[in-house]
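Following: one structure in C-alpha cells, then a few remarks.
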Amino acid sequence: MKDEKLKLLLGGEEIAGRVAELAELISAEYEGRKVLLICVLKGAVIFASDLMRRLKIPVEIDFIAVSSYGSDTASSGVVRILKDLDRSIKGKDVLIVEDIVDTGLTLNYLRKNLLSRQPRSLRVVTLLDKPARRRVEFTPDYCGFEIPDYFVVGYGLDFNEDYRHLAGIYVLNPEC
Ligand code: 5GP
Numbered sequence: 011m012k013d014e015k016l017k018l019l020l021g022g023e024e025i026a027g028r029v030a031e032l033a034e035l036i037s038a039e040y041e042g043r044k045v046l047l048i049c050v051l052k053g054a055v056i057f058a059s060d061l062m063r064r065l066k067i068p069v070e071i072d073f074i075a076v077s078s079y080g081s082d083t084a085s086s087g088v089v090r091i092l093k094d095l096d097r098s099i100k101g102k103d104v105l106i107v108e109d110i111v112d113t114g115l116t117l118n119y120l121r122k123n124l125l126s127r128q129p130r131s132l133r134v135v136t137l138l139d140k141p142a143r144r145r146v147e148f149t150p151d152y153c154g155f156e157i158p159d160y161f162v163v164g165y166g167l168d169f170n171e172d173y174r175h176l177a178g179i180y181v182l183n184p185e186c
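Dropping the structure here:
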C-alpha cells in the first residue's frame, strides 16, 4: 500500500451532486411503485446506501456478491455468484446497483441470471462506466460518470481491499 499513488478523479461533493441527480431521475421514473435495489457487493455498498437515502419512493434492498478480480487488476472474465439474494424477486421492480461497468461481463451475466427469476422490470444503475473496455455489449440504464480506462479506487471501490473508505474516487498509480 505504501508504494501506491493516488490522483483525485472525482471529489466527494461532485459524487454527492450526481447521486442526488440520479435519485431524482429514478424517483420520477418509478413514481407510484416500490423499487428493489440489488446492491452488488462489495464495491457498490457506499453508492447504494447514498442513493437509497435520496430516493423519494418506497424502496427495499438486497445484496448479491459475484466473483471479480481478486488481487489482480485485469478481468478474469469468469463470473460466479458468491452470495445470492435472500428473497425472491418475482414480480418486483428491480434496480441493480453497481459501482463500475468495465468489460460488461459481470452485468451481462447478472442481468440474464436475474431476468430468469421473473422480476416485473429490471434496470441497472452504475456510478461509473468505462465504455472503452467493453468485451460484451452492455449499456446501463442510468450512469453517474463515464470515465477513461483508468483503474480507480475509493467510494466503495478497492485495490486488495484497501481504499474503499475514501470519500472521493482516485486513479491508482496514474502515469502523470
Ligand atoms: P466487468 O465485469 O464489467 O469487467 O467488471 C465489473 C467489476 O470489476 C466491478 O464491479 C468492479 O468490482 C471491478 N472493476 C472494474 N474496473 C474497476 C476499477 O477501475 N477499479 C476497481 N476497484 N474495480 C474495478
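Per this note's numbering, residue 11 is the first one in the sequence shown, and the count goes up by one each step.
The C-beta atom is built at its ideal place from N, Cα and C for all residues, glycine as well.
Query	Result
Distance cut-off 6 Å: T113 Cβ against heavy atoms of the ligand 5GP	yes
Spatial distance of L19 from G178 (CA atoms)	8 Å
Any non-hydrogen atom of the ligand COA closer than 6 Å to D103 Cβ	This structure simply doesn't include the ligand COA; it includes the ligand 5GP instead.
Among Y180, R121, I25 and I67, nearest to V45 - alpha-carbon criterion	I67
Other residues of its chain near Y152: CB distance less than 6 Å, five sequence neighbours each side excluded	L32 and V135
Test item: CB-CB of N118 and F148 under 7 Å	yes
N- and C-terminal bounds of the alpha helix (DSSP H) containing T116	L115 to L125
Selection from A142, S98 and R143 that minimises the alpha carbon distance to S126	S98
Neighbour-count burial assignment, V142, 16 or more Cβ in a 10 Å radius	Note on identity: in this sequence residue 142 is Ala, with Val being the wrong assignment. A142 should be labelled exposed.
For G154, the first and last residue of its enclosing beta strand (DSSP E)	Y152 to E156
Burial state of R108, where buried means 16 or more other Cβ atoms lie within 10 Å	Checking the sequence shown, residue 108 turns out to be Glu, not Arg. E108 comes out buried.
Beta-carbon proximity of V89 to V104, cut-off 7 Å	no
Endpoints, alpha helix (DSSP H) assigned at L95	Per DSSP, L95 belongs to no alpha helix (DSSP H) and is neither H nor E.
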